[in-house]
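Structure, as structure tokens:
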Amino acid sequence: MKRVLFLIVVGVFVVGCATATAVPSPTPTLPPLLSEPVVEETAVPLPEPAQPTAVAIEAEPVAIGATDEPTEAAPTETPVVEETSLVVSGRTEEGAYFLGDPEAPVTLIDYSDFL
Amino acid sequence: MLGVEPDIITNYVETGAVKIVFWPVLNHGDPSVYSSLTAECVAQQDMDAFWQVHALLFENQSDLWGASRDYFVETAVSVGVDQATFETCYDGASGLDTVFVLDNFRRQRGIYSQPIFDINGELLAGRQSYELFASIFDQVGNLP
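Shown next, in the form of structure tokens:
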């Protein structure tokens, strides 16, 4: 008898679970989107970059394998600019003797006797 | 020329504004010939040496009237040319031919006296001051 009653109770329980209306599980709600900040189009001056300050760095040149012996500063080579002379000497087509830039704008012909 | 020539060379030739052409004129007989021949025979070896002997000959102009062959040989050697080569030219025909060809050229151009200066076609007779040369150079050459 008790067994029957137990079975009846279990059955009732089972039936009750099956007919219960499904309660949808609550969907996780996302946190509301934050509104985009409104940027006012006003010129905001950027801070000027800091001017580099000249800092004299006095660093002693260290040669590889340097020893404690004092080292002499390497001589600096100054570039040599070769100046091309405009003064050339030569012969004219007729065989006379000229001195100066062949393309000079002025030609001075000196008809002279050595005496 | 000499005279104002060094200043012209410094201020106009070395700056590229003026080119000087020396044209020998033989108006005084043998002394003119041998002087010009000396310059020509030096030029055949070295054009830079030519301008040195050109200056020497004008500086010692008073010596040229009675100058001997040895004088001209010594003058040539003093500017660094080879003596033997110079003497071959001086005693030969090629140098002399050149000197006379140049002299004939100037006669054909109507140049009979000296000095005559032709500056881009403008003729000047006689020695001139440096200032006049400079003025003409600046004018005919449109120099700044």
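Sequences listed follow chains A and B, in order. Going letter by letter, the first sequence gives residues 4 to 118 in the working numbering. Going letter by letter, the second sequence gives residues 818 to 961 in the working numbering. Think of the CB as a built atom: it goes at the ideal place given N, C-alpha and C, for glycine as much as any other residue.
Just confirm the distance between the C-beta atoms of B/Phe760 and B/Val916, as a whole number of angstroms; I'd bet it's less than 8 Å. Nothing about residue 760 of chain B can be reported from this structure: the residues present for chain B run from 818 to 961 only.
Listed by chain order, chain B residues near A/Glu97 by CB distance under 9 Å: The count along the first sequence starts at 1 and reaches residue 97 of chain A at position 94. Here the neighbours are Trp840, Val918, Leu919 and Phe922.
Within 7 Å, strictly: CB atoms of B/Val838 and A/Ala99: Within the second sequence, the letter at position 21 stands for residue 838 of chain B. Within the first sequence, the letter at position 96 stands for residue 99 of chain A. Cβ distance < 7 Å, so B/Val838 and A/Ala99 count as in contact.
7 Å Cβ cutoff met for B/Val957 and B/Ile936: As a working mapping, residue 957 of chain B is identified with position 140 in the second sequence. As a working mapping, residue 936 of chain B is identified with position 119 in the second sequence. Contact flag set, yes.
For a test of the three-state rule: what should DSSP assign to A/Arg94, helix, strand or coil? Within the first sequence, residue 94 of chain A is the residue found at index 91, counting from 1. Secondary structure of A/Arg94 (DSSP, three-state): strand.
Using a Cβ cut-off of 8 Å, which residues of the region 858-883 of chain B contact any Cβ in chain A, in chain order? Ala860, Met864, Asp865, Phe867, Trp868, His871, Leu874, Phe875, Gln878, Leu881 and Trp882
List the residues that DSSP assigns as beta-bridge partners of B/Ile933. By one-based count along the second sequence, residue 933 of chain B stands at place 116. Beta-bridge pairing by DSSP links B/Ile933 to A/Tyr114 and B/Ala942.
Which residues in the same chain have their Cβ closer than 6 Å to the Cβ of B/Leu874, if we skip the five residues on either side of it in sequence? Along the second sequence, read from residue 1 onward, the residue named residue 874 of chain B stands at position 57. Ser852, listed in sequence order.
Run down chain A in chain order and give the residues with a C-beta less than 7 Å from the C-beta of B/Pro848. As a first step, residue 848 of chain B must be located in the second sequence, where it is residue number 31. The contacting residues are Leu118.
Less than 7 Å separating the beta-carbons of B/Phe867 and A/Glu97? As a working mapping, residue 867 of chain B is identified with position 50 in the second sequence. As a working mapping, residue 97 of chain A is identified with position 94 in the first sequence. Not a contact, by the Cβ cut-off of 7 Å.
Closest to A/Ala107 by C-alpha separation, out of B/Asp824, B/Met818, B/Val821 and B/Thr832, would be which residue? Counted from its first residue, the first sequence places residue 107 of chain A at position 104. Looking at the Cα atoms, B/Thr832 is the closest of the given residues.
Whole-Å CB distance - B/Ala834 paired with B/Leu919, under 8 Å assumed: Translated into the one-based positions of the second sequence, residue 834 of chain B becomes position 17. Translated into the one-based positions of the second sequence, residue 919 of chain B becomes position 102. B/Ala834 to B/Leu919, Cβ: 25 Å. No contact.
Cβ distance (whole Å) where B/Val859 is taken to contact B/Val898 below 8 Å: Reading the second sequence from its first residue, position 42 is the one you call residue 859 of chain B. Reading the second sequence from its first residue, position 81 is the one you call residue 898 of chain B. Confirmed, about 5 Å.
A/Thr110 versus B/Lys836: straight-line alpha-carbon distance, rounded: Indexing the first sequence from 1 puts residue 110 of chain A at position 107. Indexing the second sequence from 1 puts residue 836 of chain B at position 19. Cα to Cα, the separation comes out at about 5 Å.
May I ask you to list the residues that DSSP assigns as paired with A/Tyr100? Walking along the first sequence from the start, residue 100 of chain A turns up at place 97. The partner list for A/Tyr100 (beta bridge, DSSP) reads A/Arg94 and B/Phe839.
Which residue wins for smallest C-alpha separation from B/Thr855, given the options B/Ala893, B/Asp880, B/Gln925 and B/Asp863? The residue you call residue 855 of chain B lines up with position 38 of the second sequence. Measuring C-alpha to C-alpha distances from B/Thr855 to each of B/Ala893, B/Asp880, B/Gln925 and B/Asp863 identifies B/Ala893 as the nearest.
On the criterion of 16 or more Cβ atoms from any shown chain inside 10 Å, does A/Glu8 qualify as buried, or is it exposed? Position 5 of the first sequence, counted from the start, is the residue given in the question as residue 8 of chain A. Checking the displayed sequence, the identity of residue 8 of chain A turns out to be Leu instead of Glu. Classification of A/Leu8: exposed, given that the 10 Å Cβ count is below 16.
My assumption, with CB atoms under 8 Å, is that B/Leu819 sits in contact with B/Glu857. Please give the rounded CB distance. Start at 1 with the first residue of the second sequence, and residue 819 of chain B comes out as number 2. Start at 1 with the first residue of the second sequence, and residue 857 of chain B comes out as number 40. Contact doesn't hold; Cβ gap of about 18 Å is too wide.
Is B/Asn937 close to chain A, meaning its C-beta is less than 7 Å from at least one C-beta of that chain? Working through the second sequence from its first residue, we reach residue 937 of chain B at position 120. By this cut-off, B/Asn937 is an interface position.
So which residues of chain A does B/Phe954 contact, with C-beta pairs closer than 8 Å? As a working note, residue 954 of chain B is residue 137 in the second sequence. Chain A residues near B/Phe954: Val109 and Leu111.
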